[in-house]
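Here the sequence shown is numbered in my numbering, starting from 280 and rising by one per residue.
These notes are about the structure you will find just below.
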Amino acid sequence: MRWALVKVALAVTAMVVVAFAVPLGLVVREMARDRAFAGAEREAAAVAPALSITTDRDQLERVVAAAGSDGARMAVHIPPAGAARDGVGIGRSRAPARDITAVRKLGRASTTEVPGGSTLLQPVAIGSGEIAVVEVYVPDSEVGDGVGTAWAVLAAVGAALIVGSVAVADRLGVRMVGPARRLVEGARELGEGRLGARVPEEGPTELRLAAVAFNSMADQVVGLLAGERELAADLSHRLRTPLTVLRLNAASLGGSQAAEQTRAAVEQLEREVDTIIRTARQAKPRTAPAGPGAGCDAAEVVRERMGFWSALAEDEGRTWRMAGADRPVRIPVARADLAAALDALLGNVFRHTPEGTAFAVDVHNAEDAVIVLVSDAGPGIADPGAAMARGRGSGTDGSTGLGLDIARRLAESTGGDVRIGSSVLGGTEVRLWLQLDGRAAPVRRGHRGGVRRRRRFRRTGTFDRSRSLP
Numbered sequence: 280m281r282w283a284l285v286k287v288a289l290a291v292t293a294m295v296v297v298a299f300a301v302p303l304g305l306v307v308r309e310m311a312r313d314r315a316f317a318g319a320e321r322e323a324a325a326v327a328p329a330l331s332i333t334t335d336r337d338q339l340e341r342v343v344a345a346a347g348s349d350g351a352r353m354a355v356h357i358p359p360a361g362a363a364r365d366g367v368g369i370g371r372s373r374a375p376a377r378d379i380t381a382v383r384k385l386g387r388a389s390t391t392e393v394p395g396g397s398t399l400l401q402p403v404a405i406g407s408g409e410i411a412v413v414e415v416y417v418p419d420s421e422v423g424d425g426v427g428t429a430w431a432v433l434a435a436v437g438a439a440l441i442v443g444s445v446a447v448a449d450r451l452g453v454r455m456v457g458p459a460r461r462l463v464e465g466a467r468e469l470g471e472g473r474l475g476a477r478v479p480e481e482g483p484t485e486l487r488l489a490a491v492a493f494n495s496m497a498d499q500v501v502g503l504l505a506g507e508r509e510l511a512a513d514l515s516h517r518l519r520t521p522l523t524v525l526r527l528n529a530a531s532l533g534g535s536q537a538a539e540q541t542r543a544a545v546e547q548l549e550r551e552v553d554t555i556i557r558t559a560r561q562a563k564p565r566t567a568p569a570g571p572g573a574g575c576d577a578a579e580v581v582r583e584r585m586g587f588w589s590a591l592a593e594d595e596g597r598t599w600r601m602a603g604a605d606r607p608v609r610i611p612v613a614r615a616d617l618a619a620a621l622d623a624l625l626g627n628v629f630r631h632t633p634e635g636t637a638f639a640v641d642v643h644n645a646e647d648a649v650i651v652l653v654s655d656a657g658p659g660i661a662d663p664g665a666a667m668a669r670g671r672g673s674g675t676d677g678s679t680g681l682g683l684d685i686a687r688r689l690a691e692s693t694g695g696d697v698r699i700g701s702s703v704l705g706g707t708e709v710r711l712w713l714q715l716d717g718r719a720a721p722v723r724r725g726h727r728g729g730v731r732r733r734r735r736f737r738r739t740g741t742f743d744r745s746r747s748l749p
């Protein structure tokens with residue numbers, strides 16, 4: 280905006296200067312020319328009285344000298360009188376004879392261009408009734424006297440006007456751009472999570488009103504987030520009582536494997552509730568952003584969570600399969616976040632498919648991403664778009680619609696996504712795409728097949744198992 284204002288001011292001022300300076304310069308030149316010829320007319324008029332009285336050469340020479348000319352500037356042409364065949368000529372003549380003759384016949388003054396300048400030819404009546412011609416030479420230096428200085432002054436004034444307008448426009452631009460830039464910086468800081476970001480309420484009226492609205496919005500955001508944190512902490516704290524009852528009941532189940540798994544699940548649930556309460560109270564994210572060395576082993580987390588869910592699968596008569604988790608697979612997400620996403624996806628399988636429905640978890644390690652597939656042999660999802668909508672759920676008891684959203688937010692934090700399609704088992708397949716570098720990797724020689732498979736999955740929502748990633 281600042282440079283746009285400067286350019287506009289520069290263009291407008293330049294046009295105004297040109298529109299006024301050029302005609303004014305031409306007027307100055309014409310005025311100088313008129314001034315020079317007016318002086319020549321005065322000199323010619325000084326000789327006219329003497330010509331009306333006498334045509335004597337000596338007397339006329341004295342008159343010409345008294346007029347301020349030594350013959351180099353003025354010439355007098357007197358026609359022949361009586362039987363004389365030649366007229367009298369005084370001074371140096373520069374004008375052509377035909378021009379002098381034409382002025383004598385017409386009886387009207389005129390100017391003629393000659394080398395080095397111009398001449399004024401002024402007709403004067405003499406005593407004999409003939410017409411004499413007074414010639415006054417006006418050099419170009421006299422015609423242009425003062426014109427260069429006047430043009431220089433006009434150019435300086437025009438340049439000063441342009442510089443002044445640009446400086447004023449720049450100051451106005453700074454006055455407008457400064458508040459706008461601070462508003463952008465405040466919005467960026469607020470978007471990055473710095474809730475204390477505020478914008479000074481200054482500048483033009485529109486930007487000042489925008490700053491007031493931004494600060495009001497930021498205050499409302501802070502208030503809403505504080506209320507959400509308190510609500511999350513209060514709701515999590517209410518879970519302590521039923522968790523205590525569950526823990527006491529699990530302690531009386533004996534020493535069977537199912538009892539141990541139940542007690543472990545209750546302990547993990549208590550830890551998660553404590554983490555939620557602490558996070559909500561401290562207003563800090565539960566996990567730190569990924570950096571060098573951060574993240575977890577996706578294969579290890581998959582093995583751990585499948586070990587947990589396999590006991591329940593055996594109780595419900597479900598067959599299950601796990602592939603691709605036999606070697607380390609590093610991903611840039613926290614272990615707890617990946618475990619929560621897997622629990623959400625596997626929990627949906629157990630919650631929304633009949634007992635005895637088979638399921639599988641596959642881990643594919645590509646060059647630029649890790650894909651975790653959770654598939655089942657259930658009835659499938661009729662409307663995948665509605666299922667991905669946060670908070671909508673399936674409409675059944677125990678469905679809040681947040682499970683898939685947990686997985687989606689985890690994938691999007693790495694630059695990936697979550698897609699729902701049809702699995703080879705006949706039911707639903709949820710693909711969790713975790714980008715390793717936070718952006719799409721370029722196509723490289725030797726890996727075009729993998730990129731084509733990824734694009735095919737994004738178009739169809741399913742993998743071709745005959746061409747699955749290694």
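By construction, the Cβ of each residue, glycine as well, lies at the ideal position given by its N, Cα and C atoms.
Because the structure is a prediction, the values reported are computed rather than measured.
Shown here, L330 sits in a helix according to DSSP, grouped into three states. Each of S654, L683, V651 and D655 was checked against the Cα of A666, and the nearest Cα belongs to L683.
Between the alpha carbons of A298 and A435 lies a distance of about 15 Å. Within the DSSP bridge table, the entry for Q536 names no partner. A buried status is given to D641, since no fewer than 16 other beta-carbon atoms sit within 10 Å of its beta-carbon. The criterion of a C-beta distance shorter than 7 Å is satisfied by A429 and V307. The Cβ neighbour count for T707, taken over all protein chains shown within 10 Å, is at least 16; the residue is labelled buried. The way I'd put it, the segment 436-449 doesn't touch the segment 320-338; fewer than three beta-carbon pairs between them come closer than 8 Å. Boundaries for S407: no beta strand (DSSP E) harbours it, and the DSSP string shows neither H nor E there.
Distance from the CA of G304 to the CA of V463, rounded to the nearest whole angstrom, comes to 48 Å. In terms of Cβ geometry, L711 and V651 form a close pair [threshold 7 Å].
Taking G425 as the centre and dropping the five residues before and after it, the same chain places the C-beta of A311 closer than 7 Å to its C-beta, in chain order.
Spanning the alpha carbons of E485 and L451 requires a straight line of approximately 14 Å. Relative to F316, the option among E421, T334 and V355 whose CA is nearest is E421. Boundaries of the beta strand (DSSP E) harbouring I699: D696 to S701, taken from the DSSP string.
Within the segment 566-638, the alpha helix (DSSP H) runs of at least 4 residues that lie entirely inside it are, in chain order, 577-595 and 614-631. Ranked by Cα distance from D419, the options A376, A431, H356 and R352 are led by R352. Rounded to whole angstroms, the separation of the alpha carbons of L621 and L504 is 27 Å. In this structure, DSSP gives G368 an extended state, which the three-state scheme calls strand. Nearest in C-alpha terms to P394, of all of Y416, I405, R597 and G408, is Y416.
The beta carbons of L474 and V501 sit closer together than 7 Å.
Remark: C-beta atoms of I610 and I660 do not approach each other more closely than 7 Å. Per DSSP, the unbroken alpha helix (DSSP H) holding D337 starts and ends at R336 to A345. DSSP, read as helix, strand or coil, puts A311 in helix.
Beta-carbon to beta-carbon, L617 and V580 are separated by about 5 Å, close enough to satisfy the 8 Å threshold.
A straight line joining the alpha-carbon of V697 with that of A537 spans about 33 Å. By the criterion of a C-beta distance shorter than 6 Å, G482 is surrounded in its chain by P458, once the five residues flanking it on both sides are discounted.
Each of S701, N644, G626 and R688 was checked against the Cα of P663, and the nearest Cα belongs to S701. By the neighbour-count criterion, in which a residue is buried when 16 or more other Cβ atoms sit within 10 angstroms of its Cβ, E646 is exposed. Per DSSP, reduced to three states, the secondary structure at A648 is strand. Contact between T391 and T380 does not hold, since the beta-carbon distance rounds to 12 Å and is not under 8 Å.
Secondary structure of A354 (DSSP, three-state): strand. In this structure, the CA atom of E583 is about 23 Å from the CA atom of S692.
G395 sits in coil when the DSSP states are folded into three classes, being neither helix nor strand.
Bounds of the alpha helix (DSSP H) holding E691 are G682 to E691.
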